[in-house]
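> Mind looking over this structure? Questions follow.
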Amino acid sequence: MKPIVLAGGTGSRLWPKSRAALPKQFLALTSDKTMLQDTILRLPRNDVSAPMVICNENHRFLAAEQLLRAGIKHDGILLEPVGRNTAPAIALAAMLAAKAGDDPVLLILAADHLIENHDAFEQAIAKANSLAQQNKLVTFGIVPSEAHTGYGYIKAGETIGNGFSVAEFVEKPDAATAQSYLDSGQYFWNSGMFMFKASVYLSELKQHRPDIYAACEAAVSATEADLDFIRIDQDAFARCPDESVDYAVMEKTEQAAMVSLDAGWNDVGSWSSLWDTSNSKDAFGNVSVGDVMLEGVTNSYVNAEQRLVSVIGLDDVVVVETKDAVMVANRNKVQDIKSVVNTLKAEHRPEFEFHREVFRPWGSYDSIDNGTRYQVKRISVKPGEKLSVQMHHHRAEHWIVVSGTASVTVGEQTQLVTENESVYIPVGEVHALENPGKIPLELIEVQSGSYLGEDDIVRFSDRYGRVK
């Protein structure tokens with residue numbers, strides 16, 4: 001069995017924590033590990049091969065770093081140059097398996113789901129595997145706990161082995177319809193998790209969506225290895241239709257089957273989901289994360305990242321504070337956060353994409369102050385890592401080392417700069433920064449100039465593949 005972990009998406013309803021450059025699957029929201037790490041670490045240990053992770057190219061270093069930190073061995077990180085939904089993503093994984101001469105049973109998982117009962121999850125996987133061995137395309141139907149209107153539903157048909165045939169897939173219902181589904185006992189939430197043989201999926205995809213099949217086939221015809229990453233043909237994949245596996249295959253095939261799953265599943269699609277699933281509510285029904293003080297507050301979720309957050313006399317609210325944004329919402333209106341995110345995107349606000357602290361493969365930087373012609377950053381470089389050899393057309397930089405040792409190249413000269421020492425990089429000068437030491441390098445960067453945007457970087461060489 002080969003797990004395929006889908007780690008795309010932006011998780012916009014969990015803004016301001018989840019953003020385009022750091023979406024929810026790479027955040028620690030339900031445990032001390034990120035959701036991607038938890039997804040893989042809960043997999044059965046027996047008869048399961050190393051997983052393949054599929055993610056957006058912009059998130060490749062996040063994925064690689066988090067797998068490394070968790071000690072997870074993987075079978076490559078497949079990079080999507082553009083998002084094209086789940087049907088093409090799964091097709092790429094299946095075709096790569098076929099290209100290697102294999103025909104594994106694929107276990108398709110989203111990287112941002114919560115599953116509390118791991119034993120029940122393993123039992124459902126075993127049931128699904130027995131059906132997949134019979135050439136069924138299996139989906140996991142969640143035993144519903146309420147008449148939820150935010151999920152699609154699956155109606156169970158006749159019993160097949162340890163599962164059921166699929167009578168129909170239905171869209172997200174209104175409240176009355178959802179209640180009728182719950183009362184009938186025949187309907188299950190659509191989890192978006194699947195299991196099937198690679199060859200069976202490709203055969204059904206080719207039959208029902210030959211256009212997706214052909215585009216993916218062209219995209220994997222010339223794969224390229226790059227560090228831990230697998231790159232596909234960008235132009236070919238860009239021509240692929242955008243379609244979910246439900247629409248492209250599962251709703252059309254005659255081989256669809258379902259196993260039920262009752263394992264404390266939640267897709268963590270909103271802040272209210274984190275309140276629902278939390279086991280740390282106080283006597284008044286509140287969930288507090290970080291430095292929080294509550295007075296007369298009930299049934300609320302408060303998450304403080306950087307500062308003390310005090311809430312007084314409120315009920316059913318969500319308060320989330322980050323270094324550069326604060327979000328306050330009625331707990332029953334958190335789905336509307338997506339409208340705020342859309343506005344941020346339309347207005348080209350940086351809060352749509354980036355946090356104040358931005359992570360890079362070499363470390364991170366935190367923009368701690370800025371003005372009309374200056375910007376101040378705190379930069380952290382991991383031991384042994386190096387920023388690209390680069391230059392800027394519009395800004396000069398002044399680096400002050402706070403801790404550790406920096407190897408700094410300015411023009412033709414390279415020097416070591418240690419604590420309490422500084423170096424100046426003039427406008428237009430080629431330069432590079434490296435941490436040759438054994439501890440993190442911390443420095444303050446003061447930028448000054450007429451334009452301070454991150455796109456004013458001309459890279460000449462880079463060990464992370466950011467130079468063509």
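For the sequence shown, position 455 matches number 455 in full-length UniProt numbering, and the numbering has no gaps at all. Idealized CB from N, CA, C, for every residue including glycine.
(1) When the distance is taken between beta carbons, is residue 248 closer than 8 Å to residue 137?
(2) Give the straight-line distance between the Cα atoms of residue 181 and residue 187, rounded to the nearest whole angstrom.
(3) Below 8 Å on the Cβ atoms is my contact criterion, and I expect residue 77 with residue 48 to pass it. Report the Cβ-Cβ distance as a whole number of Å.
(4) Could you name the residues of the same chain whose beta carbon sits closer than 8 Å to that of residue 204, not counting the 5 residues immediately before and after it, in chain order?
(5) Does DSSP put residue 246 in a helix, in a strand, or in coil?
(6) From residue 46 to residue 99, what does the alpha carbon distance come to, in whole angstroms?
(7) Between which two residues does the alpha helix (DSSP H) holding residue 216 run?
(8) Take residue 315 as the anchor and find which of 173, 66, 331, 80 has the nearest alpha-carbon.
(9) As an exercise, report each continuous alpha helix (DSSP H) stretch of at least 4 residues that is fully enclosed by the region 352-393, in chain order.
(10) Relative to the C-alpha of residue 309, which residue among 324, 290, 246 is closest?
(11) Apart from the five residues on each side of it in sequence, which residues of its chain come closer than 6 Å, Cβ to Cβ, to residue 392?
(12) On the DSSP bridge assignment, give the partners of residue 426 in chain order.
(13) In the region 27-92, which residue ranges form an unbroken alpha helix (DSSP H) of at least 4 residues, counting only runs that do not cross its ends?
(14) Starting from residue 189, trace the beta strand (DSSP E) both ways and give me its first and last residue.
(15) Where does residue 122 sit, in a helix, a strand or coil, going by DSSP?
(16) If you draw a straight line from the C-alpha of residue 408 to the C-alpha of residue 386, how long is it?
(17) Given residue 208, which residues of its chain have a CB within under 8 Å of its CB, disregarding the five upstream and five downstream residues?
(18) Check residue 297 in the structure and name its three-state DSSP category.
(19) Which same chain residues, not among the five before or five after residue 157, have their C-beta less than 7 Å away from its C-beta?
(20) Report yes or no: do three or more beta-carbon pairs, one from the region 114-122 and one from the region 256-274, lie closer than 8 Å?
(21) Ignore the nearest five residues each way along the sequence and tell me which others in residue 368's own chain have a CB closer than 7 Å to its CB.
(22) Going by CA-CA distance only, name the one from 415, 351, 372, 116 that's closest to residue 17.
(23) Classify residue 284 as helix, strand or coil using the three-state DSSP reduction.
(24) What are the start and end residues of each continuous alpha helix (DSSP H) run of 4 or more residues lying completely inside the region 314-342, in chain order?
(25) Can you name, in chain order, every residue of its own chain whose Cβ lies under 8 Å from the Cβ of residue 272, other than the five neighbours on each side?
(26) For residue 110, report the span of its beta strand (DSSP E) as first-last.
(27) Can you name, in chain order, every residue of its own chain whose Cβ lies under 7 Å from the Cβ of residue 64, other than the five neighbours on each side?
(28) Hey, residue 442 and residue 384: beta-carbon distance below 8 Å or not?
(29) Pull up the distance between the alpha-carbon of residue 104 and that of residue 97, whole angstroms please.
(30) What's the C-alpha gap between residue 110 and residue 55?
(31) Between the alpha carbons of residue 125 and residue 201, how many angstroms are there, rounded?
Looking at the atomic coordinates:
(1) no
(2) 6 Å
(3) The beta carbons of residue 77 and residue 48 sit about 18 Å from each other, so the pair does not count as a contact at 8 Å.
(4) 137, 249, 252, 253, 255
(5) helix
(6) 25 Å
(7) 210-219
(8) 331
(9) none
(10) 290
(11) 456
(12) BP columns for residue 426 are empty, so no partner.
(13) Runs found: 35-41, 60-69.
(14) 187-197
(15) Helix at residue 122.
(16) 10 Å
(17) Excluding sequence positions up to five before and after residue 208, its CB lies within less than 8 Å of the CB of 248, 249, 252, 253, all in the same chain and listed in chain order.
(18) coil
(19) 164, 165, 166, 167
(20) yes
(21) 376, 377, 378
(22) 351
(23) If DSSP states are grouped into helix, strand and coil, residue 284 belongs with coil.
(24) none
(25) Result list for residue 272: 301, 318, 331, 332, 334, in chain order.
(26) 105-110
(27) 77, 228
(28) no
(29) 7 Å
(30) 11 Å
(31) In a straight line, the C-alpha of residue 125 is about 18 Å away from that of residue 201.
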